[in-house]
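Mapped onto my numbering, the consecutive letters of the sequence shown carry residue numbers 74 to 298.
Glycine included, C-beta positions come from ideal geometry on N, C-alpha and C.
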Amino acid sequence: MKPSFKIIVALCGAAILLGSAAAEETTDHAATVNKLRGQAKPGGKTRGFVPRGSQPAQIHTETRSVLTRGVPQNIQVSGGSKVQVTEVAAAEVGAGEQTYQISYKVDPESNVTRTSILFVKNSTQFANENSRRELETLAKVFEDPALAEYSFVIEGHSSAEGETLHNQQLSQERAAVIVAELVRLGVAQGKLLPVGFGESKARYQATDPESVRSQDRRVEIFRLE
Numbered sequence: 074m075k076p077s078f079k080i081i082v083a084l085c086g087a088a089i090l091l092g093s094a095a096a097e098e099t100t101d102h103a104a105t106v107n108k109l110r111g112q113a114k115p116g117g118k119t120r121g122f123v124p125r126g127s128q129p130a131q132i133h134t135e136t137r138s139v140l141t142r143g144v145p146q147n148i149q150v151s152g153g154s155k156v157q158v159t160e161v162a163a164a165e166v167g168a169g170e171q172t173y174q175i176s177y178k179v180d181p182e183s184n185v186t187r188t189s190i191l192f193v194k195n196s197t198q199f200a201n202e203n204s205r206r207e208l209e210t211l212a213k214v215f216e217d218p219a220l221a222e223y224s225f226v227i228e229g230h231s232s233a234e235g236e237t238l239h240n241q242q243l244s245q246e247r248a249a250v251i252v253a254e255l256v257r258l259g260v261a262q263g264k265l266l267p268v269g270f271g272e273s274k275a276r277y278q279a280t281d282p283e284s285v286r287s288q289d290r291r292v293e294i295f296r297l298e
């Protein structure tokens, strides 16, 4: 019995949709890899043509800094020579507490903001299942051979409401959770540095609606220099 014309059309339509979805996924993967690579090419070279006898173009870097009370262990383990830790004086800290400035250089063009990886308020739990799926997609990106020679900082953020110290600690824990999940999915831990920025880079005010404040419980990623 020959299949009807409608069945053939339906099967062809399904095949086209599957092919389009696969192509879109491949395009998104490649775009994210290129974004994370930023100004660099494979082999550490910068973009653009360099005439013979001239010096290669310098990558423009940006220094990212945050103050923390104490140095989180995962920063000590993962930071290496690319991270500077400096003890600083801070009047608001309690007796016996120490405040440190965590600084590192990044390629600003490599910034990837993952507002699709969100967290529950006052928690390190993912806000939804889409956040977990997005993290699995990100793990595949980090394992791409084009990024094998690079390392990255995973920056955790919080929304503006709440106590500053709590938000700082919470954002550090969120960054650490992302790194732990990526490692579980096969990414080398030595490639990833978790750093929490608390509410310092919140884009919305504490008085703004929850629907927009929830977007600040996010993750940003840069290529370390």
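G229 is the residue among T237, G229, T280, Y277 whose C-alpha sits nearest the C-alpha of P267.
Under a 10 Å Cβ-count criterion, G153 is classified as exposed, with fewer than 16 other Cβ atoms of the shown protein chains found around its own Cβ. Beta bridge pairing from DSSP links P267 with I227.
Out of S232, Q146, G259, L109, the CA that lies nearest to the CA of D180 is found in L109.
The beta carbon of R247 sits closer than 8 Å to those of F192, T197, G229, H230, S231, G269, R290, V292, all from its chain and outside the five residues before and after it, given in chain order.
The Cβ atoms of N195 and L243 lie closer than 8 Å to each other. Residue range 202 to 215 is occupied by the alpha helix (DSSP H) that includes E209, with no beta strand (DSSP E) assigned at that position.
By the neighbour-count criterion, in which 16 or more other beta carbons inside 10 Å mark a residue as buried, R206 falls on the exposed side. Membership of T237 in the alpha helix (DSSP H) is indicated by the continuous run 237 to 257. Just so you know, the alpha carbons of Q241 and A233 end up roughly 11 Å apart. Under the three-state reduction of DSSP output, P282 falls in the coil class, being neither helix nor strand. Closest in alpha carbon position to A104, among V214, V161, V156, is V214. Around N203, the same chain offers S189 as residues with beta carbons nearer than 7 Å, after the five sequence neighbours per side are excluded.
8 Å or more divides the Cβ of V161 from the Cβ of I148.
Check the Cα spacing between T210 and each of D281, S176, P218, L258: the tightest is with L258.
The C-beta of T280 has fewer than 16 other C-beta atoms within 10 Å across all chains shown, which makes the residue exposed. Residue state for I148 is assigned as helix, using DSSP reduced to three classes. Per DSSP, E160 is one residue of the beta strand (DSSP E) stretching across 156 to 161. Excluding sequence positions up to five before and after A212, its CB lies within less than 6 Å of the CB of L255, L258, V260, all in the same chain and listed in chain order. A253 and P282 have their C-alpha atoms roughly 31 Å apart. A direct Cα-Cα distance of roughly 12 Å separates Q278 from Q288. The beta-carbon separation of E222 and K178, rounded to 16 Å, does not stay under the 8 Å limit for a contact. Using a 10 angstroms sphere on the CB of S183, the tally of other CB atoms reaches 16 or more, which defines it as buried.
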